[in-house]
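Protein chains in written order, with the working numbering: chain A, 1 to 244; chain B, 1 to 244. Just so it is clear, CB atoms sit at the ideal spot from N, CA and C, and this is done for glycine as well.
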């Protein structure tokens with residue numbers, strides 16, 4: 001039997017947000033690879049081998065998947081959210097590029113509900129106009145690049161979504177992000193901290209930039225920043241379809 | 001019985017990309033409102049009234065939904081893709097803002113697989129690094145703003161996704177978009193034209209900016225533009241996780 005790799009997005013947490021396409025891939029798999037908490041979301045069954053691994057070993061996971069597919073396994077790499085947004089799909093193609101003899105591996109990428117869209121839906125429609133998605137982690141890029149992108153996003157009046165806003169190892173950087181945003185967007189711009197959306201730990205907080213503090217974000221938070229026209233209506237936050 | 005409104009994303013076309021959460025809302029609905037081709041995707045059943053309407057009447061649809069919910073109906077407004085991305089959610093909140101006596105209407109926004117993520121998954125991982133989503137239509141904003149956002153996105157080295165790139169009424173604008181991209185990103189930058197992804201009409205074309213022509217896009221196309229590091233590996237296109 002010929003092997004394959006499917007990179008599947010499990011969405012933000014609630015199983016009601018997992019697509020039927022992803023469920024079907026999991027039913028056909030012989031092996032599931034991924035970060036520990038994501039693999040824990042897959043129901044065990046006879047004939048399915050689970051391969052949970054720790055954070056920051058994305059390339060190891062990708063290499064394992066390529067090797068197992070070459071051995072005839074049907075491998076699903078699970079990501080939270082969408083696998084193409086700051087997740088496993090890019091890592092798999094990096095590993096593929098480094099192993100030209102496996103270039104014809106049967107690969108499918110299955111989209112998922114990415115965190116910013118689940119968060120936006122809970123808040124209202126803060127991404128209803130042009131927007132940017134930025135990974136604030138500096139693991140794989142210099143923080144200077146983050147800063148430049150923030151300024152371009154603000155000066156283009158994009159709404160913004162931030163992934164990985166803050167970790168224990170770099171708490172000062174998100175402080176700096178808030179400073180830059182206040183400089184560029186002023187104190188009254190709305191910012192939404194959406195933590196663990198669609199899970200039992202879900203919490204949403206909307207404040208102005210002048211009220212925002214770094215402690216409002218952690219690694220389970222997606223942060224959304226409005227554009228110049230973004231406003232509240234009742235308990236909701238939305239970006240009007242018309243530009244200011 | 002008290003009424004409610006759910007704004008639901010049907011994804012890009014394939015029913016295997018509709019979330020269980022959206023299917024459940026459709027099962028509970030008394031009324032479904034939306035643009036004709038999206039309402040056509042909902043299976044008719046006894047007790048369900050379908051309200052298809054033409055394009056560009058988003059506010060009329062939103063007002064109808066608010067009125068019907070106030071009358072006790074259980075209303076689903078269907079959007080393709082994700083309802084918060086250039087779709088019906090913002091229009092609903094605009095209508096809500098204009099009718100303060102309905103501010104307590106029971107509203108839920110249910111996310112969906114938006115076109116750019118379905119397209120990216122088919123292409124590989126072109127949105128695997130920071131990216132922008134831009135609606136190229138000038139129905140609701142001046143084209144000058146589109147041009148400014150393109151330049152900021154390019155100078156920030158964001159990957160880009162364009163919705164509504166080209167219509168019969170404004171064919172010249174996408175020509176101008178390609179000119180701006182060539183100025184800002186050079187001739188060798190990769191651009192992907194993803195048409196009708198996940199439907200029988202699906203077609204993907206990847207070329208360099210120097211090879212791109214306006215006719216490669218129509219209103220059923222999502223266009224993805226790589227960042228400076230985006231490259232091909234075999235038949236795939238991806239953005240490496242590391243910045244250049």
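Determine the chain B residues that contact residue i at a beta-carbon separation under 8 Å, and present them in chain order.
i                     : result
residue 245 (chain A) : With chain A covering 1 to 244 only, the question about residue 245 (chain A) has no answer from this structure.
residue 110 (chain A) : 121
residue 103 (chain A) : 233, 234
residue 140 (chain A) : 241, 242, 243
residue 226 (chain A) : Chain B residues near residue 226 (chain A): none, gap ~12 Å exceeds 8 Å.
Could you tell me the alpha carbon to alpha carbon distance between residue i and residue j, rounded to whole angstroms?
i                     : j                     : result
residue 107 (chain B) : residue 2 (chain A)   : 47 Å
residue 12 (chain A)  : residue 196 (chain A) : 8 Å
residue 157 (chain B) : residue 48 (chain B)  : 48 Å
residue 230 (chain A) : residue 190 (chain A) : 7 Å
residue 227 (chain B) : residue 46 (chain B)  : 50 Å
residue 103 (chain B) : residue 91 (chain B)  : 14 Å
residue 53 (chain B)  : residue 59 (chain B)  : 11 Å
residue 122 (chain A) : residue 95 (chain B)  : 18 Å
residue 220 (chain A) : residue 139 (chain A) : 17 Å
residue 9 (chain A)   : residue 75 (chain A)  : 14 Å
residue 243 (chain A) : residue 233 (chain A) : 17 Å
residue 149 (chain B) : residue 98 (chain B)  : 29 Å
residue 170 (chain B) : residue 209 (chain B) : 20 Å
residue 100 (chain A) : residue 57 (chain A)  : 21 Å
residue 89 (chain B)  : residue 27 (chain B)  : 20 Å
residue 40 (chain B)  : residue 151 (chain A) : 43 Å
residue 38 (chain A)  : residue 15 (chain A)  : 12 Å
residue 239 (chain A) : residue 93 (chain B)  : 9 Å
residue 44 (chain B)  : residue 25 (chain B)  : 14 Å
residue 126 (chain B) : residue 235 (chain B) : 13 Å
residue 201 (chain B) : residue 42 (chain B)  : 19 Å
Determine, using beta carbons only, whether residue i and residue j come nearer to each other than 8 Å.
i                     : j                     : result
residue 77 (chain A)  : residue 33 (chain A)  : yes
residue 222 (chain A) : residue 115 (chain A) : yes
residue 124 (chain B) : residue 241 (chain B) : no
residue 135 (chain B) : residue 86 (chain B)  : yes
residue 67 (chain B)  : residue 31 (chain B)  : no
residue 182 (chain A) : residue 214 (chain A) : no
residue 131 (chain B) : residue 161 (chain B) : yes
residue 109 (chain A) : residue 7 (chain A)   : yes
residue 155 (chain A) : residue 179 (chain A) : no
residue 69 (chain B)  : residue 105 (chain B) : yes
residue 199 (chain B) : residue 237 (chain B) : no
residue 21 (chain B)  : residue 117 (chain A) : no
Can you tell me where the alpha helix (DSSP H) with residue i in it begins and where it stops?
i                     : result
residue 133 (chain A) : Note, residue 133 (chain A): premise wrong, no alpha helix (DSSP H); beta strand (DSSP E) at 131 to 135.
residue 64 (chain B)  : 58 to 70
residue 93 (chain B)  : 88 to 97
residue 175 (chain A) : 171 to 185
residue 146 (chain B) : 143 to 155
residue 113 (chain B) : Counting along the chain, residue 113 (chain B) falls outside any alpha helix (DSSP H), and DSSP gives it neither H nor E.
Note the first and the last residue of the continuous beta strand (DSSP E) segment covering residue i.
i                     : result
residue 7 (chain A)   : 4 to 9
residue 26 (chain A)  : Careful: residue 26 (chain A) lies outside any beta strand (DSSP E), inside the alpha helix (DSSP H) at 20 to 28.
residue 204 (chain B) : 203 to 208
residue 190 (chain B) : 190 to 195
residue 52 (chain A)  : 49 to 53
residue 77 (chain A)  : 74 to 79
residue 36 (chain B)  : Here residue 36 (chain B) belongs to no beta strand (DSSP E); instead the alpha helix (DSSP H) covers 36 to 39.
Can you tell me which of the options puts its alpha carbon nearest to the alpha carbon of residue i?
i                     : options                   : result
residue 5 (chain B)   : B:14, B:71, B:44, B:15    : B:71
residue 111 (chain A) : B:81, B:91, B:104         : B:81
residue 153 (chain A) : A:96, A:93, A:188, A:225  : A:225
residue 186 (chain B) : B:16, B:234, B:212        : B:212
residue 174 (chain A) : A:218, A:39, A:188, A:204 : A:218
residue 137 (chain B) : B:164, B:117, B:159       : B:164
residue 55 (chain A)  : A:146, A:79, A:21, A:206  : A:79
residue 145 (chain B) : B:177, B:159, B:119       : B:177
residue 84 (chain B)  : A:120, A:201, A:19        : A:120
residue 143 (chain A) : A:172, A:50, A:188        : A:172
Please find out if some non-hydrogen atom of the ligand SAH comes closer than 7 Å to the beta-carbon of residue i.
i                    : result
residue 89 (chain A) : No copy of the ligand SAH appears in this structure; indeed no ligand is present at all.
Run through chain A and tell me which residues come within less than 8 Å of residue i, C-beta to C-beta.
i                     : result
residue 152 (chain B) : 152, 153, 155, 156, 158
residue 75 (chain B)  : Within 8 Å Cβ-Cβ: nothing; residue 75 (chain B) doesn't reach chain A, min ~17 Å.
residue 236 (chain B) : 93, 96, 107
residue 130 (chain B) : 132, 133, 134, 135, 149
Who are the neighbours of residue i on chain A, taking C-beta pairs under 9 Å?
i                    : result
residue 13 (chain B) : Result: empty, since nearest Cβ-Cβ is about 12 Å, beyond 9 Å.
List, in order along the chain, the chain B residues whose C-beta lies closer than 9 Å to that of residue i?
i                     : result
residue 148 (chain A) : 155, 156, 157
residue 67 (chain A)  : None at all; the shortest Cβ gap to chain B is about 17 Å.
Residue i versus chain B: which residues are under 7 Å apart at the beta carbon?
i                     : result
residue 21 (chain A)  : 16, 17
residue 145 (chain A) : 243
residue 120 (chain A) : 84
Of all Cβ atoms in chain C, is any one closer than 8 Å to the Cβ of residue i?
i                     : result
residue 193 (chain B) : Of the protein chains in this structure, namely A and B, none is chain C.
Can you list the residues of chain A that residue i reaches, using a CB-CB cut of under 7 Å?
i                     : result
residue 214 (chain B) : Under the 7 Å cutoff, chain A gives no residues; its nearest Cβ is about 21 Å from residue 214 (chain B).
residue 82 (chain B)  : 117
residue 114 (chain B) : 117
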